[in-house]
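Here is the structure we will look at.
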Amino acid sequence: MPSQRAQPSHVCKAEKLLRRIAPEDFADRPIYLLSRSAVPRELWLGNAVGFTWGALDYVLRPELESCGLWGGRGFACAISIVAILRRARVTGSSVLGTYISTALHEAAHHLESNPLLIQDSDLPLTLAAGREVLKRQALSAESFVDEDPPWSTHDLRWHRAFAHLRYRAMKAGADQVGIHVNAGSRYGLSSMGHYDRVFAREASKLRRESIRSVLRWPMPEEAQELFDADVAIWHRATRYTEQQNQQRMVTAEDAAR
Ligand SMILES: [Zn+2]
Numbered sequence: 042m043p044s045q046r047a048q049p050s051h052v053c054k055a056e057k058l059l060r061r062i063a064p065e066d067f068a069d070r071p072i073y074l075l076s077r078s079a080v081p082r083e084l085w086l087g088n089a090v091g092f093t094w095g096a097l098d099y100v101l102r103p104e105l106e107s108c109g110l111w112g113g114r115g116f117a118c119a120i121s122i123v124a125i126l127r128r129a130r131v132t133g134s135s136v137l138g139t140y141i142s143t144a145l146h147e148a149a150h151h152l153e154s155n156p157l158l159i160q161d162s163d164l165p166l167t168l169a170a171g172r173e174v175l176k177r178q179a180l181s182a183e184s185f186v187d188e189d190p191p192w193s194t195h196d197l198r199w200h201r202a203f204a205h206l207r208y209r210a211m212k213a214g215a216d217q218v219g220i221h222v223n224a225g226s227r228y229g230l231s232s233m234g235h236y237d238r239v240f241a242r243e244a245s246k247l248r249r250e251s252i253r254s255v256l257r258w259p260m261p262e263e264a265q266e267l268f269d270a271d272v273a274i275w276h277r278a279t280r281y282t283e284q285q286n287q288q289r290m291v292t293a294e295d296a297a298r
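Residues in the sequence shown are numbered from 42 upward in steps of one, following the numbering used here.
This is the structure we're talking about:
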């Protein structure tokens, strides 16, 4: 029976796995897998299980320095252990598998957006602006204001990075990675299983390349077709729902006359 308590070893195992499956991407850089308590309350995104954002490492530098954790620029994400425990309980997954899946999810964001390319001279601006953006996002997450399509921050490029990380993690024997992940159907697209299939061939072929290098290869046609079809279906369904809602409003107004 897997442990249902998050332990510091989960953080160590997730970091070790990331360094093993994407050694070049994380070489010589710190990996900050932070707990919710390490993030100022006003910057946390609603009920998020975890999150990362652009240069989150630099944005949280004051907090990291104050507890002696700052070791230079690197990948930072925050993960709520309470939310991990809840999700593991609901889905029947192991706590470790859920923790690692979340760390891979956030790592895919970091690798596809490559915030380490931000110039040092721009960093003071990034610190102030980053905290403002995070505060706004936290507020909108709390008030459920989100007019963008559900996949807008989890597009095909992110799914590609995530599919490659998952493939490598599973080959490395990671426990239960890939079950109940936040991907695919959670963002209005086909299931992650479908995305795994369209990236399977290149995930095997390019398994020794860095993820950043993988992302520079032309997108596999099959993957692009799947994503385009998903987006078209989502727009059709959204238009249909809007028409239905308008129709209901007209009917209700007619009945009120
Ligand atoms: Zn995400």
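Glycine residues also receive a C-beta, built at the ideal position from the N, C-alpha and C atoms.
A quick note: this is a predicted structure, and the numbers were derived from the prediction, not measured.
Item	Value
Measuring straight from C-alpha to C-alpha, what distance separates residue 197 and residue 78?	32 Å
Would you grab the beta carbon distance between residue 138 and residue 216 for me? Rounded to a whole angstrom, and I think it's under 8 Å.	5 Å
Evaluate contact between the stretch 134-150 and the stretch 82-94, counting only Cβ atoms and requiring at least three cross-stretch pairs below 8 Å.	yes
Considering only residues of the same chain and omitting the five flanking positions on each side of residue 42, which have a CB-CB separation below 7 Å?	Note that residue 42 scores 39 on pLDDT, short of 50, meaning its location in the model is unreliable and no value can be drawn from it.
Look up residue 129 in the DSSP assignment and say whether it is helix, strand or coil.	helix
If we ignore side chains and look at the alpha-carbon of each, how far apart do residue 46 and residue 262 end up?	Unreliable placement is indicated for residue 46, whose pLDDT of 48 sits below 50; no coordinate value is reported for it.
Going by beta carbon distance, what residues of the same chain come within less than 7 Å of residue 56, once the five residues before and after it are set aside?	72 and 74
Hey, could you find the ends of the beta strand (DSSP E) residue 157 is sitting in?	Taken as a continuous stretch (DSSP letters only), residue 157 belongs to no beta strand (DSSP E), as it is neither H nor E.
Ordered along the chain, which non-local residues of its own chain (more than five positions away) have a Cβ less than 7 Å from that of residue 253?	66, 152 and 155
To which residues does DSSP link residue 53 through a beta bridge?	Its beta-bridge partners do not exist; DSSP assigns none.
Okay, do the stretch 224-232 and the stretch 267-279 touch, 3+ Cβ pairs below 8 Å being the bar?	yes
Please list the segments of the alpha helix (DSSP H) lying wholly inside the stretch 59-123, counting only runs of 4 or more residues, in order along the chain.	64-67, 97-100 and 102-107
What is the DSSP secondary structure of residue 189, reduced to helix, strand or coil?	coil
Less than 7 Å separating the beta-carbons of residue 60 and residue 213?	no
Measure from the alpha carbon of residue 202 to the alpha carbon of each residue in 175, 237, 193 and 170, then state which is nearest.	237
How long is the line joining the alpha carbons of residue 44 and residue 120, rounded to whole angstroms?	Model confidence at residue 44 stands at a pLDDT of 44, short of 50, so the residue's coordinates are unreliable; what they give is reported in the following sentence. Distance between the alpha carbons of residue 44 and residue 120: 18 Å.
Short of 8 Å in beta carbon distance, which residues of its chain neighbour residue 81, apart from the five on each side in sequence? Order them along the chain.	104
Residue 216 by DSSP, collapsed to three states: which one?	coil
Quick check: what's the CA-CA separation for residue 274 versus residue 132?	27 Å
Considering Cα atoms alone, identify which of 240, 226 and 218 is closest to residue 129.	218
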